[in-house]
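What the sequence shown shows, in this note's numbering, is residues 1 to 303, in sequence order. The beta-carbon is built from N, C-alpha and C at its ideal position, and this holds for glycine as well. Computed from a predicted model, the values in this text were never measured in an experiment. Shown next, in structure tokens, is the structure this report addresses.
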Amino acid sequence: MDSSLPPSVILIRPPVEAFSVLIAVTGGCSWNKCKFCATYKGILGEKPQDYAIRPLEDVLRDIDAFAANNYHGYPVFLAGGNPTSAPTEYLVKILKYVRGKMREIPRISCYCKALDVIRKSDEELKALAEAGLDIVYMGLESGSSKILRIMKKGTNAESFIKAGKRILNAGIKLSMYILLGLGSYELSNEHVKETARVLTEINPTIFRFRTLNILPNTPLWDDWKKGKFELLKPVDCIREEREIIANLGPNVTSQVFNDHVSNFCSIESSNIQKDREMFLQTLNAFINDPRIQNLPRENRTNL
Ligand code: SF4
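Below, the structure written as structure tokens:
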């Protein structure tokens, strides 16, 4: 929107925010070390994207422009790798400004990193909820601390549990991402069991499956090229998903989605507690289908 946007601002957003108003708040990611993540590592040999919090007046000017151009009635997505890395006071000003200037907004959302949440007090998280932050999207990727360490996620399972519970307690909805295949074959069982455990502890509002593909500008690319990391076959990705669902505790009432182009199936549930059997039977049908069993695995770098 604003021509003053720094070149480091990449406006990515979850597929569910495809029709939302995107307002850039941060550029880059304050962590940017995850081995599997290509988003801010620079493409075609360029240097990694810088992390920056945009000046408040620039963000407010964008909101004025959206309001003046009649972008009312749409969801708003505060864009950037992890806007929650910004000071709470700054975020509260933006949230209130959006709510004041733009009418009939069904939700305001953003990406969120667990460590950002842990650094904020309960009062700060409540202030964000009261100012109008409805939902945050958080990449859990795996509930296994071992896999998280190998992949340099910078957060372990217990920190995710703590952060997830605190977000929900503050009154903010939580959508978590699970990355199928992140433990390869060697750690697949651990990936399944620990991810189900963490999801059971948190009971997030929503969790979403994604499937690992490895892009050339990530550290994981070299491991894959050297044969040190193997991608799961499509049928084994679906098997991992089935096992995660099967291992959830009976308390889990989350919505579940496979709403990404990387997924090998598109099944969803508005309440996994009620739909668990249907979900498992559908995944079993995929797993037992010879066409899926014989589907070769391609590393898709064009997603
Ligand atoms: S996965 Fe998220 S936290 Fe990790 S580098 Fe990418 S944007 Fe940053």
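In the DSSP output, which residue or residues are listed as bridge partners for residue i?
i	result
Ala52	Gly27
Ile108	Val76
Ile206	Ser175, Gln255
Leu215	Bridge partners of Leu215: none, in fact.
Ser85	Answer is none; Ser85 lacks a bridge partner.
Leu187	For Leu187, which the question treats as bridged, DSSP gives no partner whatsoever.
Leu180	Thr211
Ser269	Val256
Could you spell out the range, first to last residue, of the beta strand (DSSP E) harbouring residue i?
i	result
Ala369	The structure shown does not extend to residue 369, since the chain is modelled only from 1 to 303, so the question has no answer here.
Ile135	135-141
Using a Cβ-based criterion (distance less than 8 Å to any ligand heavy atom), does residue i qualify as near ligand 1?
i	result
Trp221	no
Phe36	yes
Lys33	yes
Asn213	no
Tyr40	yes
Gly27	no
Gly164	no
Gly143	no
Asn82	yes
Gly154	yes
Lys101	no
Tyr137	no
Lys228	no
Tyr111	yes
Apart from the five residues on each side of it in sequence, which residues of its chain come closer than 7 Å, Cβ to Cβ, to residue i?
i	result
Asn247	Val192, Lys193, Ala196
Leu168	Leu174
Thr301	Asn213, Leu215, Pro216
Phe209	Ile178, Leu180, Glu241, Asn258, Asn263
Thr305	What is shown of the chain runs 1 to 303, which leaves residue 305 out entirely.
Gly139	Tyr177
Thr88	Lys120, Glu124, Ala127, Leu128
Which stretch, first to last residue, makes up the alpha helix (DSSP H) that contains residue i?
i	result
Cys237	234-246
Glu298	Here Glu298 belongs to no alpha helix (DSSP H), and DSSP marks it neither H nor E.
Met278	272-287
Glu145	According to the sequence shown, residue 145 is Ser rather than Glu. Per DSSP, Ser145 belongs to the alpha helix (DSSP H) from 145-150.
Ala38	Note, Ala38: premise wrong, no alpha helix (DSSP H); not H, not E.
Asn302	No alpha helix (DSSP H) holds Asn302; DSSP gives it neither H nor E.
Glu158	157-170
Ala127	122-131
Ala18	Taken as a continuous stretch (DSSP letters only), Ala18 belongs to no alpha helix (DSSP H), as it is neither H nor E.
Arg119	114-119
Only counting the same chain, and skipping five residues up and downstream in sequence, which positions put a Cβ closer than 6 Å to that of residue i?
i	result
Tyr111	Asn82, Tyr137
Glu130	none
Leu295	Pro234
Gly132	Leu95, Arg99, Ile108
Thr84	Cys112, Asp116
Pro7	Low confidence applies to Pro7: its pLDDT is 47, below 50, so where it sits in the model is not reliable enough to give any reading.
Glu243	Val192
Phe31	Here residue 31 turns out to be Trp, not Phe, going by the sequence shown. Excluding sequence neighbours, Trp31 sits near Gly154.
Pro14	Tyr137
Taking 8 Å as the limit between beta carbons, can you name the residues of its chain near residue i, skipping five residues before and five after?
i	result
Ser3	Residue confidence for Ser3 is low, a pLDDT of 44 falling below 50, so the modelled location carries little weight and cannot support an answer.
Asp64	Lys101
Ala285	none
Met151	Cys34, Lys35, Phe36, Glu141, Ser142, Leu182, Leu220
Asp134	Arg107, Ile108, Ser109, Ile172, Lys173
Arg297	Leu231, Leu232, Lys233, Pro234
Ile287	Val235, Ile238, Arg239, Arg242, Gln293
Phe279	Ile245, Val256, Ile267, Ser269, Ile272
Are three or more beta carbon pairs between the stretch 74-92 and the stretch 145-154 nearer than 8 Å?
-> No: fewer than three Cβ pairs fall under 8 Å.
Does the stretch 102-109 come within contact of the stretch 158-167, defined as at least 3 CB pairs closer than 8 Å?
-> Taking a contact to require three or more Cβ pairs closer than 8 Å, the stretch 102-109 and the stretch 158-167 do not qualify as touching.
Counting pairs of Cβ atoms below 8 Å between the stretch 49-63 and the stretch 26-35, do you hit three or more?
-> They touch, by the three-pair rule.
Do the stretch 259-270 and the stretch 221-238 make contact, defined as three or more Cβ pairs closer than 8 Å?
-> Pairwise C-beta distances place the stretch 259-270 in contact with the stretch 221-238, as three or more of them are shorter than 8 Å.
Kindly confirm or deny that the stretch 61-76 and the stretch 12-26 touch, where touching means at least three C-beta pairs closer than 8 Å.
-> In short, these stretches touch, since the Cβ pair count reaches three.
Are the stretch 112-131 and the stretch 86-99 touching, with three or more C-beta to C-beta distances below 8 Å?
-> The stretch 112-131, when compared against the stretch 86-99, does touch it at the 8 Å Cβ threshold.
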